[in-house]
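Scroll down for the structure; my scribbles are underneath it.
In my numbering, the protein residues as written are 984 to 1488.
Laid out in structure tokens, this is it:
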């Protein structure tokens, strides 16, 4: 926590916890060779009572020979301007005061007086609001330059120590009420747990947080390694660097570009454990966005599912961040300024449903318009057709004869979906549509617009390219259906001339 030469600023409100902290630090400063300073924030909420606390802290610091810096803040006004609760605004101004002393007074460590009950309250509060493993870690004894020397003590032990030394402290009247969420847990939840469930409830919650911190450290170490294996950074100034190189550049302050794009290798990502995968995604999103604020497990799950989707699928995340499925994995970047985000904030499932709204059931027999293409598809049953005539239809064709007898669901024209496939030979061998499109090097934009004739997840026909072998006309076929795609403006003229080539089967 503290080493020789440190300058420790202690947050002292005048209450028992912070007064105990100050006495402990002063008792150790000569032995360990560090300096103590005090930070006191008058929130302007309790009038004369707050002024009395301030005067008490000034006098105590003078008695102990400790430099004291007082900050006056109108927390009520700050909360209103920042659209925060008074509780949240109070925490914010205290952090700002500490940071100011580090910046202006050379303080190297920030000491707060959190104790065991505070930690148990934090664990319960995080769990009740919805948390992952990180929330169960509670309050860290050491986190960067923030230290909590009293975290192993109970409130009773702290008060007993002060009483033994004959030290008085101030009582904050707001601590007795239930206006704040943390007070309600302190007054109504923890006592019930200890009185009616287990007398060691607070100790067990504290132990749970310690174990969670150990697991979290292990997970973070695994995520560091996964970052090196899976991540490549695209930056306008730095070019393309690996995750390992980026970690070094971050330390040296070189990777500060807003136009950063993080690419995650799908193959390497698939080899990681689920816990590491999720933490890696959180880190990538936070790296692009500049923080984890508003990023929840829902967003992490949506990005994780992209690895199983077609190229081009994307999800919009809070803070103007977008994740997109690309060749080889997933890319995370900021949405360019000025570009609309119609799907921002929506769930991944909602975006999938929007993409699937182009499905239209074919009129059999009849004519069906293909949405957004200026084309229509005509379906008619063929009288007197046979295998020979079906095979005479040109491969590069926008007309096909299919065996209507084996349709399992219903024929529709739609865009592609996850799980689509077609049959490649008479033995029934299947090929994923996604793999076929990738192998054919069809541009992503064209893949998204490409109309497909489908029977459930089985793709009957990729117009102009490929037909499933399962639906080819055979000698035993009794009902043949002709499918013909035509331009609407050409009054029914066959549209074979616009073929992009390469259809087989």
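By construction, the Cβ of each residue, glycine as well, lies at the ideal position given by its N, Cα and C atoms.
Quick caveat, the model's predicted, so the values are computed rather than measured.
Is the Cβ-Cβ distance between residue i and residue j less than 8 Å?
i	j	result
residue 1356	residue 1466	no
residue 1248	residue 1312	yes
residue 1199	residue 1117	yes
residue 1386	residue 1460	yes
residue 1404	residue 1416	yes
residue 1350	residue 1359	yes
residue 1058	residue 1072	yes
residue 1255	residue 1263	yes
residue 997	residue 1095	no
residue 1019	residue 1029	no
residue 1463	residue 1364	yes
residue 1361	residue 1469	yes
residue 1295	residue 1430	yes
Apply the 10 Å Cβ neighbour rule to residue i and answer buried if 16 or more other Cβ atoms are within range, or exposed otherwise.
i	result
residue 1366	exposed
residue 1278	buried
residue 1081	buried
residue 1454	buried
residue 1132	buried
residue 1437	buried
residue 1060	exposed
residue 1291	exposed
residue 1147	exposed
residue 1285	buried
residue 1282	buried
residue 1293	buried
residue 1017	buried
residue 985	buried
residue 1353	buried
residue 1447	buried
residue 1261	buried
residue 1298	buried
Here's a check: name, in chain order, each residue in its chain whose Cβ is nearer than 8 Å to the Cβ of residue i, leaving out the five neighbours to either side.
i	result
residue 1275	1265, 1268, 1269
residue 1440	1400, 1402, 1403, 1404
residue 927	This structure gives no information on residue 927, because the portion of the chain shown stretches from 984 to 1488.
residue 1154	998
So residue i and residue j are supposed to be a Cβ contact under 8 Å. How far apart are they, rounded?
i	j	result
residue 1076	residue 1024	6 Å
residue 1003	residue 1145	6 Å
residue 1142	residue 999	5 Å
residue 1189	residue 1112	Contact doesn't hold; Cβ gap of about 19 Å is too wide.
Give me, in chain order, the residues of the same chain whose beta-carbon lies closer than 7 Å to that of residue i; leave out the 5 immediate sequence neighbours on both sides.
i	result
residue 1192	1102, 1106, 1119, 1120, 1121
residue 1258	1202
residue 987	1015, 1016, 1017
residue 1165	1104, 1108
Residues in its own chain within less than 6 Å of residue i by CB, not counting five upstream and five downstream?
i	result
residue 1221	Since pLDDT at residue 1221 reaches only 45, below the 50 mark, its modelled position is unreliable, and the value read off the structure follows with that caveat. Hits under 6 Å: none found.
residue 1196	1120
residue 1272	1302, 1304
Q: Decide if the region 1203-1210 is in contact with the region 1120-1130; the criterion is three or more beta carbon pairs, one per stretch, under 8 Å apart.
A: no
Q | At least three beta-carbon pairs within less than 8 Å, the region 1183-1200 to the region 1101-1111 | A | yes
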